[in-house]
Amino acid sequence: MKNRLGINDNELANLDYSNILEQILACLKSKNPYAFTQDGQRLELKIYEIATELLSKKLESPLS
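In my numbering, the protein residues as written are 30 to 93.
The following block contains the structure:
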């Protein structure tokens, strides 16, 4: 038996995340979400800044 990934005749809704992904990419291009901690030993990803910016925009539903 092989695993296959494909489009079948099923009842699942088709989702389109392209708008959300474009907005995330625009956020990443406009600001650097990475920062070193004060001790310089770790790299942080400030994902909350991206999430906050995305929440302030009107995003299309992936169901549309």
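Note that beta-carbon positions come from the ideal geometry of N, C-alpha and C, so glycine has one too.
- Message: Please tell me whether Leu-88 and Ile-49 are closer than 8 Å, where the distance is taken between their beta carbons.
- Response: yes
- Message: So if DSSP puts Tyr-63 in a beta bridge, which residue, or which two residues, is it bridged to?
- Response: Leu-74
- Message: Between the alpha carbons of Lys-58 and Glu-51, how many angstroms are there, rounded?
- Response: 11 Å
- Query: In this structure, does DSSP put Ala-55 in helix, strand or coil?
  - Reply: helix
- Just the C-alpha distance for Ser-85 and Lys-31, rounded to the nearest angstrom, thanks. 44 Å
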